[in-house]
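For the record, in the sequence shown the residue sitting at position 166 is 166 according to the UniProt record's numbering, with numbers rising by one throughout.
Worksheet: one structure, shown below.
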Amino acid sequence: MHRVTSLDSVEGRGKLLDEVWGPPSARRRARQLARAGGGGVGVGSVLEGCTSCGGCDVPDGEALIVVAVIALIGAVCMALYWVVMKIVEAIRAHQNRPKPHGGLLRPASVGRRVGPAGVITRVLPDPQAAPGVGPRLLEAPASGVGCAAYAVDLSCKRFLRAGLMLHTAESAGFEVRLDDGSVAHVPAGRIRLEGPMERRSRGSAPAVARYVEELAPRNPEPDDDALFPYDTVQELVLQPGDRVRLFGEFERIVDAGAAGSYRGGAQAILMPVGVPALRREPKGE
C-alpha cells in the first residue's frame, strides 16, 4: 500500500516536498547552516608594536630587515589561515546542506505468477488517434531512443546507500508473439518492467533533467527545492525484437479485427488483467 499525491496542486507538491526534504522549518534551518560558513578572524597589525618603542638599540637597516621578515611571515600565515578557513567553510556547507530522503521500499515487482514468453513484434497504433496515423514510439528519458516501453529509476547518493527518488515505467502499447504462436497485447500506459538496467550519471544523461522538469516544473522562488533530486539514472528500454516474459493474470479476448485462422475463426488475444507486468529476457532464452 502506498500514498498517492497530485503534483498539480499546491497541497500535493507540499506533501511531497515534506517527504523528500522534511518540513519547511527543517529545510530553512538546513539552508541557514549551509550558508553560514566559518567565522571571521581578527588579526592585528604586525607593525603595531613598533610604534610603542621610544627608541631601539637595533640599527635602522637591521630593523627594516627584521620588520620585513616579520611582515612576510605574517602575510604567509594570513594566507594559509584564509585557505584553511575556506576549506572549513566548504566542508561545513557540504555537511549542513539539505539531504533528500528517498523511498524506503522498492517499487512493486512483477510478482511470482510466471507466464509465457515471446518476442515483441510491433508497436500498436493508438486507438484514439486520427485515421491514417501510424504507431508512435515512446522516447526513452535517458537515452532518447525510440522504444515500445521503458522504465527509469532516479536515485540520490546517501551514506552507504542510494535513495530511490523516482521510479516510472510506461508502455506505448505493443504486441508480443508468444512461443506457442499465440499473441498478447500490452496496452499503452502504466507498466511494471524488470530486467538489466543501464546505469548513467546525471551529467551523462542531460535529457532526464528536461523529463523531470516537464513532470514536476520548479517554481521561480530561489528556495524551491526539487521534488525529484537525483545524481544517478538507471534505464531499461524495450524495443521490437526484444524477448520478454509475461507475469501476472491474463485473459483471452476475441479480436474481431484481426485475421483469423484458416478455419475462419477469430483470433484470441491475451490481455493483461490490471497493470501489465513483464521482464526482459536474454534473446537466447
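Ideal placement from N, C-alpha and C gives every residue a C-beta, glycine not left out.
Practice task
Please name the residue, chosen from Pro141, Leu193, Glu170, that lies closest to Ser204 on a Cα-to-Cα basis.
Solution key: Pro141
Exercise for the section: Can you tell me the Cβ-Cβ gap for Arg252 and Leu270, rounded? I've got them flagged as a contact below 8 angstroms. Expected result: 6 angstroms
Practice task
Have a look at Gly14, Leu124, Val76 and flag the residue whose alpha-carbon is nearest the alpha-carbon of Pro147.
Solution key: Sequence check: residue 147 is Cys here, not Pro. Closest by alpha carbon: Leu124.
Practice task
Within 10 angstroms of the Cβ of Asp179, are there 16 or more other Cβ atoms? Answer buried if so, exposed if not.
Solution key: exposed
Handout entry: Residues sharing a beta bridge with Pro187, DSSP
Key = DSSP, once it has assigned bridges, lists no residue as partnering Pro187.
Handout entry: Selected residue, minimal CA-CA separation from Val152, among Val119, Ala209, Gly118, Val114
Key = Ala209
Problem - Continuous beta strand (DSSP E) assignments of at least 3 residues falling wholly in the region 134-203 - result: 149-158, 161-171, 174-178, 183-186, 192-194, 198-201
Handout entry: Cutoff 6 angstroms; reference Gly39; Cβ partners in own chain excluding five residues on either side
Key = Caution is warranted here: a pLDDT of 45 is assigned to Gly39, below 50, making its placement in the model unreliable, and the coordinate value is therefore given only provisionally. Closer than 6 angstroms at the Cβ level, and outside the excluded window around Gly39, lies no residue.
Handout entry: Candidates Glu214, Val110, Val69, Ala71: closest to Val273 by CA position
Key = Val110
Practice task
Would you list the residues sitting across from Asp255 in a DSSP beta bridge?
Solution key: Gln267
Exercise for the section: Use the C-beta contact count for Tyr81: other C-beta atoms within 10 angstroms, 16 or more gives buried, fewer gives exposed. Expected result: exposed
Handout entry: With 16 other Cβ atoms within 10 Å as the buried cut-off, status of Ile91
Key = exposed
Exercise for the section: Select from Phe228, Met197, Leu72, Glu175 the residue whose C-alpha is nearest the C-alpha of Pro282. Expected result: Met197
Practice task
Identify every residue that forms a DSSP beta bridge with Gly118.
Solution key: Leu178, Val244
Practice task
Can you say whether Ala68 is buried or exposed, counting buried as having 16 or more other CB atoms within 10 angstroms of its CB?
Solution key: exposed
Handout entry: Residues near Pro240 in its chain [Cβ-Cβ closer than 8 angstroms; skip 5 each side]
Key = Ile120, Thr121, Arg122, Val123, Ala148, Phe174
Problem - Reference Leu267; option with closest CA among Gly181, Thr168, Asp231 - result: This sequence places Gln at residue 267; Leu is not what is there. Among Gly181, Thr168, Asp231, the Cα nearest to that of Gln267 belongs to Gly181.
Practice task
Figure out for me which residue from Leu154, Asp225, Leu64, Ile65 has the closest Cα to the Cα of Glu19.
Solution key: Asp225
Practice task
With distances taken Cα to Cα, identify the nearest neighbour of Tyr230 among Phe250, Arg199, Leu236.
Solution key: Arg199
Handout entry: DSSP three-state assignment for Val69, whether helix, strand or coil
Key = helix
Problem - Arg190 burial status per 10 Å Cβ neighbour count (16 or more: buried) - result: exposed
Practice task
Give every residue of the same chain whose Cβ lies closer than 6 angstroms to the Cβ of Glu11, excluding the five residues on either side of it in the sequence, and list them in chain order.
Solution key: none
Handout entry: Outcome for Val233 when other beta-carbon atoms lying within 10 angstroms are tallied against a minimum of 16
Key = buried
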